[in-house]
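S.K.: If you scroll down you'll find the structure; I have some questions about it.
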Amino acid sequence: MESTQVRRYTVREVTIILGVASAVVVLLDAAGLRDWASGLELGPERQVALAITEPIAAIQGRAGLQRPHDLAREWFLSAVHIEHGGGWDTQELQSPVWAEEPAAPTADSAQPEELAGPPLPPRPRRVLLIGDSLMGWGLGTSLERLIAQHPGMEVKRHAVVSSGLTRPDFFDWFDLASGLLDEQEYDAVVCIMGGNDIQAISTEGRVYRHGTDEWYRAYAHRARSFVTLLASKGGRAYWLSLPPMRDKRFHENTRRINAMFEEGCRQRPSAKYVDTGQWIGNEDGEYTSYLVLEGRQRQVRASDGIHLTTAGGEILASRVYDMLVKDLEPPSP
Amino acid sequence: MLFPTIQFGVFFLIVFVGSWALRSRHTAHKWFLIAASYYFYGCWDWRFTALLAFCSVSNYLGGRWLAATEHPGRRKAILLVGLLANGGVLGFFKYYGFFVSSALNVFAAMGWRPNVTLLEVVLPVGISFFTFQGISYFVDVYRRQLEASKSLADILLYISFFPQLVAGPIVRASTFLPQLQKPPDPNTIEGSRALTLIMGGLIKKTVVANYIGTELVDPFFQSPSDYSGPDSLFAIYGWAVQVYCDFSAYSDIAIGVAELLGYRFPHNFNQPYRASSLREYWRRWHISLSTWLRDYIYYPLGGSRAGRLRTYVNLYLVFLFGGLWHGADWTFVMWGLVHGTGLCVERFVRRRMPAREWPRWTYIIGLLATFHFVCVARIFFRSPSFDIALQCFRSLGAWSEPLTMATPFVVVLVVVGLGIHFIPPKWSEAAQTAFGRMPLVAQGAALGLFLVLLSVMAPEGVAPFIYFQF
């Protein structure tokens, strides 16, 4: 029987192939390389990657060589009816629409006992769920399912993995949330995010390293602005705190982030800060991987000590759902 | 660091150039690959590079110890220590929470609630793969099928070599270590095979598996009771395609990348859904795991030579182990038991009706039955709990509702994912040959255009490979 001849290559030949392939990619999708570089964590690696890819992307863009790629992608996504590029890390590289003016946190004010909000219209309650990976699965999917099953409630969920408020160059939540709330009237917005924000803030040519006073001022301003946006446009805003984290240092950082959102909620009568640690933590509200529920040990946190397991998501979702039903009083069909 | 990312592309180009540049200095070449592999692994969590080194060094020392010992009793004792060391690492990191919480639940059911503080154990990525490689080396040395390596670098590289480190294939020491005896040959790279495997793997993962996952499988398994019978069936077919395209993609890319660096890995998949029996299916699916379980568990238990009843028990034990290997959860145990039962029943039937007496058309029946059996078992594999699995089965019975999830794009992906199982192997060889006959610059341009096309079609971001969790 005749067998096909497998060609043997030399290293030099493979090097030529890989070199030509790399050149073609740079020629036709330099913007993709630049977007990848800008999505890297702030640091020397990102600086080097951007220093190389940005000028190339600029030249390639001016020459119009990126256009075929972008047109093809646009056509493909519309042909297959995939929204927002599908997938996990949606990168929409747009400049932030909000002004960056670091401001000092304001003095404490008491959290109102009753959540204020516009009158509830005689129609099913509309709830928007937004956030990072914590809203992506576990909590997000369980909460979406619970709300969708209620005949007097409607729900929409939008989660973007690895997103937060420090990197609008990676994902601009102000822009997206504003757009979603303009598209449709909601009675409540439930949000959880902040876990990806332990990184430097770069704005208007200045970089504020995480942990500095400037960073906290800048982040507190963003937190306040974002809560204000949700509460003013979304009827009622429910800000779910990041759950307690296993890593002590990370937990301390997320605790401070939570405090800034709590402060933001205090200033808005229609915003409510919800401490998730009371439901997903141990008796003291601290991190635990396991909870005893109905006499059974259930693992509630994923192996990374950050995310929730399906069981953990269901527990938290049921508590949030109860709260929403109580506050929104959805009509019977 | 995931294969279908620019980060990996840059990393690979550096490793490719560096490793071949150091080829003439063999020891430096190996240490360079070790450093690259530890960097690759450290991108997930630097802390676990120490665990990787511990497993490698302990297997190296154990192997040397075995080589220096002739007394059969002592050799057995050393083997036991080696197995406990490898198994202990795997057991602690992967199964601690599962077994302790299961035991506490049993105690609670009996009315006893011991006050136990559960440790927080983080699962290192790829631990099931590199501990199995360590065990295979140790056992092969014990069986004198392989000479204990005198080179620590060889064992470090064997356990950590980055193409197969986190999701296989489970390369045997007897396959890989001999390749480290001399520098890789720079003139015999099967470049067209390697590049077509990499390209095929990239499209299977980034387009087929990822879109089927996000558009069909993930929504269904989040809440199966919300879907109709036709939707459920379609999603379960989709899951079969997704898991094949995801896992075989990793293996294909790993094999291709290793080939470009001058090393040969064995095949891990051979069109599994064209199998007409479960036995054949396991010879085509995750071949490196199937053969590992056969050689290191099934045969030592006596295989099929210890009597009929014992053969059935052995099959069950192997698949119970195989289920637990995939994940520390009762749903994986159930998946293993379902497969064990299927193989026992099949073996029983075949003993009474040998396959050679069956008419040819029964191949189609066998193929359909095998595929659907695998799909049903995989419901347990994918479901996060028995409750969700039961919802899937209930939804499968609700045929009064219409099919809503079958968008043309997803249908095409599922059909393509199944269709590639029936492409004659000659075709892929012909494609490799045709690619290899093009001028080098044309091959590079074709590869570059393929990568651009991939970025046109791929979803934003890349989900981790499914088998990373194992």
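Note that the protein sequences, when read in sequence, are chains E and A. Under this note's numbering, think of the first position of the first sequence as 1, with each following residue one higher. Under this note's numbering, think of the first position of the second sequence as 1001, with each following residue one higher. Beta carbons: idealized from backbone N, C-alpha and C, even for Gly.
(1) Bridge partners for residue 265 of chain E per DSSP, in chain order?
(2) Can you name the residues of chain E whose CB is closer than 8 Å to the CB of residue 1331 of chain A?
(3) Sort out for me which residues DSSP pairs residue 203 of chain E with in a bridge.
(4) Any idea which residues DSSP pairs residue 191 of chain E with across the strands?
(5) May I ask which residues mark the beginning and end of the alpha helix (DSSP H) holding residue 1258 of chain A?
(6) Assuming residue 1299 of chain A is part of the beta strand (DSSP E), what are its boundary residues?
(7) Using a C-beta to C-beta distance shorter than 9 Å, which residues of chain A count as neighbours of residue 286 of chain E?
(8) Which residue marks the beginning of the beta strand (DSSP E) containing residue 157 of chain E, and which one marks its end?
(9) Under 8 Å, Cβ to Cβ, is there at least one residue of chain E near residue 1089 of chain A?
(10) Can you tell me the Cα-Cα spacing of residue 1100 of chain A and residue 226 of chain E, whole angstroms?
(11) Determine the DSSP secondary structure at residue 272 of chain E, reduced to helix, strand or coil.
(12) Alpha carbon to alpha carbon, how far is residue 50 of chain E from residue 1429 of chain A?
(13) Taking Cβ-Cβ distances shorter than 9 Å, what residues in chain A pair up with residue 29 of chain E?
(14) Spatial neighbours of residue 190 of chain E within its chain, please: C-beta separation below 6 Å, excluding the five flanking residues on both sides.
(15) When Cβ atoms are compared, which residues of the region 1015–1037 of chain A fall closer than 9 Å to chain E?
(16) Looking at residue 161 of chain E and residue 136 of chain E, is the spacing between their C-beta atoms short of 8 Å?
(17) Using a Cβ-Cβ distance cut-off of 8 Å, determine whether residue 318 of chain E contacts chain A.
(18) Using a Cβ-Cβ cutoff of 9 Å, what residues of the region 1420–1449 of chain A are near chain E? List them in chain order.
(19) Under 8 Å, do residue 1079 of chain A and residue 1142 of chain A count as touching if we go by C-beta distance?
(20) Whole angstroms are fine: how far does the CA of residue 1126 of chain A sit from the CA of residue 1089 of chain A?
(21) 8 Å is my cut-off, CB to CB: does residue 1066 of chain A come that close to chain E?
(22) How is residue 1189 of chain A classed by DSSP in three states: helix, strand or coil?
(23) Identify the contact partners of residue 1189 of chain A in chain E, using a Cβ-Cβ distance below 9 Å as the criterion.
(24) Kindly indicate the opening and closing residues of the beta strand (DSSP E) around residue 297 of chain E.
(25) Note down, in chain order, each residue of its chain lying with its Cβ closer than 6 Å to the Cβ of residue 1042 of chain A, except the 5 sequence neighbours on either side.
(26) Could you check whether the Cβ of residue 56 of chain E sits closer than 8 Å to any Cβ belonging to chain D?
(27) Quick check on this structure: which residue in A:1167, A:1394 and A:1406 has the alpha carbon closest to the alpha carbon of residue 1326 of chain A?
(28) With contact counted as at least three CB pairs below 8 Å, one residue from each stretch, are the region 1157–1175 of chain A and the region 1197–1206 of chain A in contact?
(29) Keeping to the same chain, check which residues put their C-beta closer than 7 Å to that of residue 102 of chain E; ignore five residues upstream and five downstream.
(30) Taking the alpha-carbon positions, what's the residue 1362 of chain A to residue 1232 of chain A distance?
(31) Would you say residue 328 of chain E faces chain A, with C-beta separation under 8 Å as the test?
(32) Shortest alpha-carbon distance to residue 1235 of chain A belongs to which of A:1376, A:1303 and A:1282?
(33) At a Cβ threshold of 8 Å, is residue 1006 of chain A touching chain E?
(34) So, helix, strand or coil for residue 1022 of chain A, using DSSP?
(35) Count the other C-beta atoms from every protein chain shown that fall within 10 angstroms of the C-beta of residue 95 of chain E, then say buried if there are 16 or more, exposed otherwise.
(36) List, in chain order, every chain A residue whose beta-carbon is nearer than 8 Å to that of residue 299 of chain E.
M.R.: Put simply:
(1) In the first sequence, residue 265 of chain E corresponds to position 265, counting from 1. DSSP, once it has assigned bridges, lists no residue as partnering residue 265 of chain E.
(2) Mapped onto the second sequence, residue 1331 of chain A falls at position 331. Near residue 1331 of chain A there are no residues of chain E at all, since even the closest Cβ is about 11 Å away, more than 8 Å.
(3) As a working mapping, residue 203 of chain E is identified with position 203 in the first sequence. Paired residues: E:206.
(4) Looking up residue 191 of chain E in the first sequence gives position 191. Beta-bridge pairing links residue 191 of chain E to E:130 and E:239.
(5) For the purposes of this step, residue 1258 of chain A is taken as the residue at position 258 of the second sequence. It spans 1229–1260 - the alpha helix (DSSP H) in which residue 1258 of chain A sits, taken as one unbroken run.
(6) As a position in the second sequence, residue 1299 of chain A is number 299, starting the count at 1. Residue 1299 of chain A -> no beta strand (DSSP E), and no H or E assigned at all.
(7) Residue mapping note: residue 286 of chain E aligns to position 286 of the first sequence, counting from 1. The premise fails here: residue 286 of chain E is roughly 12 Å from chain A at the closest Cβ pair, so nothing lies under 9 Å.
(8) Here the question's residue 157 of chain E lines up with position 157 in the first sequence. First-last of the beta strand (DSSP E) with residue 157 of chain E: 153–159.
(9) Position 89 of the second sequence, counted from the start, is the residue given in the question as residue 1089 of chain A. By this cut-off, residue 1089 of chain A is not an interface position.
(10) Along the second sequence, read from residue 1 onward, the residue named residue 1100 of chain A stands at position 100. Along the first sequence, read from residue 1 onward, the residue named residue 226 of chain E stands at position 226. C-alpha separation (whole angstroms): 43 Å.
(11) Within the first sequence, the letter at position 272 stands for residue 272 of chain E. Three-state result, residue 272 of chain E: strand.
(12) As a first step, residue 50 of chain E must be located in the first sequence, where it is residue number 50. As a first step, residue 1429 of chain A must be located in the second sequence, where it is residue number 429. Rounded to the nearest angstrom, the two C-alpha atoms are 40 Å apart.
(13) Against the first sequence, residue 29 of chain E aligns to sequence position 29. By Cβ distance, chain A contributes 1451, 1452, 1455 and 1456.
(14) Numbered from its first residue, the first sequence carries residue 190 of chain E at position 190. The residues are 129 and 238.
(15) 1016, 1017, 1020 and 1023
(16) Along the first sequence, one-based indexing puts residue 136 of chain E at 136. Along the first sequence, one-based indexing puts residue 161 of chain E at 161. Against a cut-off of 8 Å, the Cβ pair of residue 161 of chain E and residue 136 of chain E comes out as a contact.
(17) Taking the first sequence and counting its residues from 1, one reaches residue 318 of chain E at position 318. It does not; no Cβ of chain A falls within 8 Å.
(18) 1426, 1429, 1430, 1432, 1433, 1435, 1436, 1437, 1440, 1441, 1442, 1443, 1444, 1445, 1446, 1447, 1448 and 1449
(19) Sequence index remark: in the second sequence, residue 1079 of chain A carries index 79 (1-based). Sequence index remark: in the second sequence, residue 1142 of chain A carries index 142 (1-based). It is a contact, given that the beta carbons lie within the stated cut-off.
(20) Here the question's residue 1089 of chain A lines up with position 89 in the second sequence. Here the question's residue 1126 of chain A lines up with position 126 in the second sequence. Spanning the two alpha carbons is a distance of roughly 12 Å.
(21) Taking the first residue of the second sequence as 1, we reach residue 1066 of chain A at position 66. Residue 1066 of chain A does not count as touching chain E.
(22) Numbered from 1 along the second sequence, position 189 holds the residue referred to as residue 1189 of chain A. Strand, per DSSP.
(23) Within the second sequence, residue 1189 of chain A is the residue found at index 189, counting from 1. What residue 1189 of chain A touches in chain E: 8, 9, 10, 11, 13 and 14.
(24) Taking the first sequence and counting its residues from 1, the one referred to as residue 297 of chain E is at position 297. That run of the beta strand (DSSP E) goes 296–299.
(25) Start at 1 with the first residue of the second sequence, and residue 1042 of chain A comes out as number 42. Closer than 6 Å at Cβ, skipping near neighbours: 1049.
(26) No chain D is present in this structure, whose protein chains are E and A.
(27) By one-based count along the second sequence, residue 1326 of chain A stands at place 326. The shortest C-alpha separation from residue 1326 of chain A is found at A:1167.
(28) no
(29) As a working note, residue 102 of chain E is residue 102 in the first sequence. Here residue 102 of chain E scores only 33 on pLDDT, less than 50, and its place in the model is too uncertain to base an answer on.
(30) Against the second sequence, residue 1362 of chain A aligns to sequence position 362. Against the second sequence, residue 1232 of chain A aligns to sequence position 232. Each residue's Cα considered, the two are about 27 Å apart.
(31) In the first sequence, the residue the question calls residue 328 of chain E occupies position 328. Output row for residue 328 of chain E: interface = no.
(32) Position 235 of the second sequence, counting from 1, holds the residue named residue 1235 of chain A. Cα-wise, what sits closest to residue 1235 of chain A is A:1376.
(33) Against the second sequence, residue 1006 of chain A aligns to sequence position 6. Judged by the 8 Å Cβ criterion, residue 1006 of chain A is in contact with chain E.
(34) Working through the second sequence from its first residue, we reach residue 1022 of chain A at position 22. Of the three classes helix, strand and coil, the one that applies to residue 1022 of chain A here is coil, per DSSP.
(35) As a position in the first sequence, residue 95 of chain E is number 95, starting the count at 1. Because the pLDDT at residue 95 of chain E is just 27, under 50, the model does not fix this residue reliably, and the point stays unresolved.
(36) Looking up residue 299 of chain E in the first sequence gives position 299. The contacting residues are 1097 and 1101.
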